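Asks: In the working numbering, the protein residues as written are 253 to 583. C-beta: ideal position from N, C-alpha, C; glycine also. Everything numeric in this text was worked out from a predicted model, so none of it was measured. The structure under discussion is supplied below as structure tokens; questions concerning it will follow.
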Amino acid sequence: MSTPLRLGTRGSKLAMAQSGHVAEALTAATGRPVELVEVVTAGDRSSAPVHRLGVGVFVSALRDALTAGTIDFAVHSYKDLPTAAAAGLHIAAVPVRQDPRDALVARDGRTLAELPSGATVGTGALRRIAQLHALGMQLEVTPIRGNVDSRLARVLGPEADLDAVVLARAGLARLGRTDVITETLDPMLMLPAPAQGALAVECRVDDTDLVELLAVLDHAPSHAAVTAERALLATLEAGCSAPVAAYAVVAEGEPTGSGVEGDFVQEIYLRGAVISPDGTRDLRLSRTGTLADAAEIGKALAAELLDLGADSILGHDGHAGPGTQQFGSTE
Numbered sequence: 253m254s255t256p257l258r259l260g261t262r263g264s265k266l267a268m269a270q271s272g273h274v275a276e277a278l279t280a281a282t283g284r285p286v287e288l289v290e291v292v293t294a295g296d297r298s299s300a301p302v303h304r305l306g307v308g309v310f311v312s313a314l315r316d317a318l319t320a321g322t323i324d325f326a327v328h329s330y331k332d333l334p335t336a337a338a339a340g341l342h343i344a345a346v347p348v349r350q351d352p353r354d355a356l357v358a359r360d361g362r363t364l365a366e367l368p369s370g371a372t373v374g375t376g377a378l379r380r381i382a383q384l385h386a387l388g389m390q391l392e393v394t395p396i397r398g399n400v401d402s403r404l405a406r407v408l409g410p411e412a413d414l415d416a417v418v419l420a421r422a423g424l425a426r427l428g429r430t431d432v433i434t435e436t437l438d439p440m441l442m443l444p445a446p447a448q449g450a451l452a453v454e455c456r457v458d459d460t461d462l463v464e465l466l467a468v469l470d471h472a473p474s475h476a477a478v479t480a481e482r483a484l485l486a487t488l489e490a491g492c493s494a495p496v497a498a499y500a501v502v503a504e505g506e507p508t509g510s511g512v513e514g515d516f517v518q519e520i521y522l523r524g525a526v527i528s529p530d531g532t533r534d535l536r537l538s539r540t541g542t543l544a545d546a547a548e549i550g551k552a553l554a555a556e557l558l559d560l561g562a563d564s565i566l567g568h569d570g571h572a573g574p575g576t577q578q579f580g581s582t583e
């Protein structure tokens with residue numbers, strides 16, 4: 253049997269589940285065994301808000317291990333990755349993306365519309381905080397951090413102190429906890445984070461055999477959608493905890509003209525938003541194009557948002573303006 257490939261992963265329950273799915277898929281597709289190697293990151297060691305720790309706190313240790321050769325490849329929650337490429341490393345695959353929408357978990361099975369004025373809602377992302385405020389429902393939004401189980405306990409546990417929490421639906425699905433969801437939020441109300449629900453499978457660029465092997469995991473529509481969303485984020489010069497939202501959908505467009513029945517051009521429909529933390533300014537635009545132009549679609553939509561004043565919301569450094577706080581987490 254071939255020597256097992258060493259897959260680096262964070263040690264959280266969600267990260268281990270994500271990496272386990274990738275390991276199983278790779279072995280099923282190629283026959284190559286994979287072993288998980290736990291790597292502790294700076295984000296795991298701290299309870300401070302993510303913006304105080306810096307961009308990439310959940311991935312830097314994994315990338316260091318890749319560069320050092322102590323692991324062969326790594327699996328990241330794609331939304332945690334800095335937009336700048338890492339020298340010597342390569343995103344070899346983006347597997348099929350989980351549902352990128354946000355999910356509400358509320359007491360008594362309530363939906364968002366059923367929450368009363370003054371209800372306390374916990375979330376770790378400034379993007380979600382901003383959009384909840386923009387709804388004008390007079391909710392008390394509380395910034396929280398922690399893994400999925402600790403967040404759910406704030407609503408469903410014996411010492412629950414919140415009326416609801418908002419989490420990524422993908423994380424709950426990967427943990428088999430979709431039963432606790434009281435509402436999957438419509439993107440018209442809560443636009444997801446760029447690359448939410450997607451995984452990035454990364455290896456060393458010079459490991460050409462592994463680059464080729466991992467490519468079997470790549471799902472072209474998911475990869476293109478994430479490329480468009482992250483191009484928007486990068487052009488806005490905003491970090492993963494900034495109040496920026498993006499959601500790309502891949503669908504069939506016009507016939508290709510090839511004469512083959514059912515042969516259509518695949519198109520990307522990208523929606524993007526920049527929202528002030530208090531919800532008083534909410535810029536939203538959309539743009540369409542082909543899969544081949546995914547990055548250009550994201551860049552163009554970001555340029556339009558900047559023309560409308562997105563930079564004044566984000567601040568000159570690409571983050572939220574003066575006096576605001578940012579909170580985020582991989583989960």
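Drop a sphere of 10 angstroms on the beta-carbon of V373, count the other beta-carbons inside from all chains shown, and report buried for 16 or more, exposed for fewer.
Replies: Reading the sequence shown from its first residue, position 121 is the one you call residue 373. Buried, since its Cβ has 16 or more Cβ neighbours within 10 Å.
Asks: DSSP three-state label for R353, please.
Replies: Translated into the one-based positions of the sequence shown, residue 353 becomes position 101. Correct three-state label for R353: coil.
Asks: Taking the straight line between their C-alpha atoms, what separation do you get for A477 and E435?
Replies: For the purposes of this step, residue 477 is taken as the residue at position 225 of the sequence shown. For the purposes of this step, residue 435 is taken as the residue at position 183 of the sequence shown. About 24 Å.
Asks: Should F516 be labelled buried (16 or more other beta-carbon atoms within 10 Å of its own) or exposed?
Replies: Position 264 of the sequence shown, counted from the first residue, corresponds to residue 516. When all chains shown are included, F516 counts as exposed.
Asks: Could you spell out where the beta strand (DSSP E) holding P395 opens and where it closes?
Replies: Position 143 of the sequence shown, counting from 1, holds the residue named residue 395. Note, P395: beta strand (DSSP E), E392 to P395.
Asks: Can you tell me whether Q448 is helix, strand or coil according to DSSP?
Replies: Against the sequence shown, residue 448 aligns to sequence position 196. The answer is coil: DSSP assigns Q448 none of H, G, I, E or B.
Asks: Quick one, which of H342, R426 and L288 has its alpha-carbon nearest V457's?
Replies: Counted from its first residue, the sequence shown places residue 457 at position 205. Minimum Cα distance to V457 is reached at H342.
Asks: If contact is defined by three or more beta carbon pairs under 8 Å, each pair taking one atom from either stretch, is the region 343-352 in contact with the region 285-293?
Replies: Contact between the region 285-293 and the region 343-352 is absent, because fewer than three Cβ pairs lie under 8 Å.
Asks: Is D461 helix, strand or coil by DSSP?
Replies: Here the question's residue 461 lines up with position 209 in the sequence shown. Reduced to three states, the DSSP call for D461 is helix.
Asks: Rounded C-beta distance between L469 and L278? I'm assuming under 8 Å.
Replies: As a first step, residue 469 is located in the sequence shown; it is residue number 217 there, counting from the start. As a first step, residue 278 is located in the sequence shown; it is residue number 26 there, counting from the start. Contact holds; Cβ gap of about 6 Å.
Asks: With distances taken from CA atoms, which of A555, G370 and A486 is nearest A447?
Replies: To locate residue 447, count along the sequence shown from 1; it is residue 195. That would be A486, whose Cα lies nearest to the Cα of A447.
Asks: Is Q270 buried or exposed, if buried means 16 or more other CB atoms sit within 10 Å of its CB?
Replies: Residue 270 sits at position 18 when you count from the first residue of the sequence shown. By the neighbour-count rule (16 or more Cβ atoms within 10 Å), Q270 is buried.
Asks: Who are the near neighbours of T479 in its chain, counting only those whose CB is closer than 6 Å to its CB and skipping five residues on each side?
Replies: Position 227 of the sequence shown, counted from the first residue, corresponds to residue 479. Cβ within range, chain order: A546 and A547.
Asks: Using a Cβ-Cβ cut-off of 6 Å (strictly less than) and excluding sequence neighbours within five positions of V501, which residues of its own chain qualify?
Replies: Taking the first residue of the sequence shown as 1, we reach residue 501 at position 249. Contacts found: Y521.
Asks: Within its chain, find whatever has a CB closer than 6 Å to the CB of A497; leave out the 5 residues flanking it on each side and keep chain order.
Replies: Position 245 of the sequence shown holds residue 497. Cβ within range, chain order: R379, L443 and A525.
Asks: By Cβ distance, which residues of its chain are closer than 8 Å to G361, with the 5 residues on each side in sequence left out?
Replies: By 1-based counting over the sequence shown, the position of residue 361 is 109. The residues are T434.
Asks: On the CB-based measure, 16 or more other CB atoms within 10 Å of its CB, does E454 come out buried or exposed?
Replies: Here residue 454 refers to the residue found at position 202 of the sequence shown. Classification for E454: buried.
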